[in-house]
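Participant:
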Amino acid sequence: MATQNTANSGLQLATESMTPLHWIGVVLAVVTGVLHLGLGASFGLSGFGISFIVAGIAFLGGAAAIVVDYRRRLFYLLGIPFTLGQIVAWYVVNAPSFSPLGLADKAVQVAFVVVLVLLLRRN
Numbered sequence: 001m002a003t004q005n006t007a008n009s010g011l012q013l014a015t016e017s018m019t020p021l022h023w024i025g026v027v028l029a030v031v032t033g034v035l036h037l038g039l040g041a042s043f044g045l046s047g048f049g050i051s052f053i054v055a056g057i058a059f060l061g062g063a064a065a066i067v068v069d070y071r072r073r074l075f076y077l078l079g080i081p082f083t084l085g086q087i088v089a090w091y092v093v094n095a096p097s098f099s100p101l102g103l104a105d106k107a108v109q110v111a112f113v114v115v116l117v118l119l120l121r122r123n
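The numbering of the sequence shown is the UniProt record's numbering, which starts it at 1 and goes up by one.
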């Protein structure tokens, strides 16, 4: 009966193939992901709370996918409309009363979209 080496199976970090632009994107995704998780926790299990938690998990999951080199191009393609949708939804829900934290998060997200577009064009 053959044994399987489980130490080398599964996903592994693939940071050697990451450029500084990848790292900038990962940092931006983690920042907005953590902000969304924090907002989700503050809203609790309301509709807003759950939507923030889902968005936070999506940003953090996307960052993790990039670090392990799992279908990077697909995540660039999905991340652009997902993040743009976040920006539009934030504007619709909050206009004209924008908080400094909300504005900072949207600045992070705009930068994140720019990074994703650049990564997509390079790939």
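A virtual CB, placed ideally from N, CA and C, is assigned to each residue, including glycine.
Source: prediction; values computed, not measured.
Three or more beta-carbon pairs under 8 angstroms between the segment 54-63 and the segment 26-40, yes or no?
Facilitator: Output reads yes: the segment 26-40 touches the segment 54-63.
Participant: Measuring CB to CB, does L11 end up less than 7 angstroms from V68?
Facilitator: Yes, these two residues count as a Cβ contact at 7 angstroms.
Participant: Determine the closest residue to L101 out of G38, L120, F59, I24, with distance taken between C-alpha atoms.
Facilitator: The shortest Cα separation from L101 among G38, L120, F59, I24 belongs to G38.
Participant: Using three-state DSSP, classify T15 as helix, strand or coil.
Facilitator: Three-state result, T15: helix.
Participant: Going along the chain, which unbroken runs of the alpha helix (DSSP H) with 4 or more residues stay wholly within the segment 36-91?
Facilitator: List check, alpha helix (DSSP H) in window: 47-67.
Participant: Using only alpha-carbon positions, find the residue among N123, A95, W90, G79 that is nearest to V113.
Facilitator: The residue with the shortest Cα to Cα distance from V113 is G79.
Participant: What are the boundary residues of the alpha helix (DSSP H) that P96 is part of?
Facilitator: Neither: P96 is in no alpha helix (DSSP H) and is coded neither H nor E.
Participant: Tell me whether V31 sits in a helix, a strand or coil according to DSSP, three-state version.
Facilitator: Helix, per DSSP.
Participant: I want to check one thing, is the minimum distance from the CB of L118 to the heavy atoms of the ligand PLP below 6 angstroms?
Facilitator: Within the structure as shown, the ligand PLP is missing, as the structure has no ligands at all.
Participant: Excluding sequence positions up to five away, which residues of its chain have a Cβ less than 8 angstroms from the Cβ of V110?
Facilitator: For V110, where only same-chain residues beyond five positions count, the Cβ hits under 8 angstroms are I87.
Participant: Do you know whose CA, among Y91, P96, G49, L118, lies nearest D105's CA?
Facilitator: Of Y91, P96, G49, L118, the residue nearest in Cα terms is Y91.
Participant: Between the beta-carbon of residue 127 and the beta-carbon of V26, is there less than 7 angstroms?
Facilitator: The question about residue 127 has no answer here: the residues shown for the chain are numbered 1 through 123.
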